[in-house]
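A.B. asks: I have a structure I would like to understand better, so I am pasting it below and will then ask my questions one at a time.
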Amino acid sequence: SSDLITSWLFSSFLGKGYGFAKAVGILSVSFVLWTLTYLQMTLFTKLWIFFFLVVLFGVSWGIPTTRKAAMTALSSKTNMWEITLEECLFVLALLFWCVLKGIRPEINGEEKFMDFAFLNSLVRTNALPSVDPWLAGNSINYYYYGQYIYAMITKLTGIKTAIAYNLSMCTTFALSFTMSYSLGSMFFDGAIRKGLRAPKAFKIFSGLLSACAVTLFGNS
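Now the structure itself:
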């Protein structure tokens, strides 16, 4: 369903912004559920998560503009090649970070205790704001939307929190890598349209350089 939205938002670019599709889908569902649960109109449960996923798909497919954009993207071999490339990059980035986390999977040090405590608190509750894991009778007095997003995915999949915590770190890296690649390659594509003379093969290099700059170079 989020592919329909990104196909419309990035309709003039090769690949139609597929690298942003996963993030757009997660943010759309999580924000609606977050808001309505805070207003005590819904519950933070697996049933409601699945419900809003279906609603997002229905709305995206029901709008002629987004549906047409998606069908146009899927009918182009060039776009399909770009979409396949970005999906492969996501999988490779996810596997790469899973290997690194597998070497040191301990939830120990820095803010990991707090993050894991928030994740457990959110998975256990059906209402928001979530219960403070350290101060009985109070809600969490800190920002925790990132932990909430992965708690939502954890509830939907049923994965144990000890495993979901490390997977969330790997997923964050993979999403950041893919979106950065997509953005960098789209900037290069736009530059070519504006008159830049460069081999089209440099587009992939531009995307990979952007992805590595965002996710790796700053922490080297």
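Residue numbers (the numbering used here): 217 to 436. Using N, Cα and C, we set each Cβ at its ideal position, and we do this for glycine too.
1. Could you name each continuous alpha helix (DSSP H) segment of 4 residues or more that falls completely within the segment 230 to 287, going from the start of the chain to the end?
2. Since residue 401 and residue 375 are thought to touch, with beta carbons under 8 Å apart, how far apart are those beta carbons, to the nearest angstrom?
3. Is there contact here, the segment 384 to 402 with the segment 233 to 242, by at least three beta-carbon pairs under 8 Å?
4. Is there contact here, the segment 313 to 326 with the segment 355 to 368, by at least three beta-carbon pairs under 8 Å?
5. Can you check DSSP and say which residues form a bridge with residue 355?
6. Going by the CB atoms, is the gap between residue 310 and residue 377 shorter than 7 Å?
7. If you follow the alpha helix (DSSP H) that residue 338 is in, where does it begin and where does it stop?
8. Who are the Cβ neighbours of residue 249 in its own chain at under 8 Å, not counting the five residues just before and after it?
9. For the alpha helix (DSSP H) that residue 409 lies in, which residues bound it at each end?
10. What three-state label does DSSP hand residue 324 in the structure shown?
C.D. replies: Quick answer:
1. 237 to 254, 262 to 278
2. Contact doesn't hold; Cβ gap of about 32 Å is too wide.
3. yes
4. no
5. 347
6. no
7. 328 to 340
8. 258, 260, 264, 265, 268, 368
9. 377 to 409
10. coil
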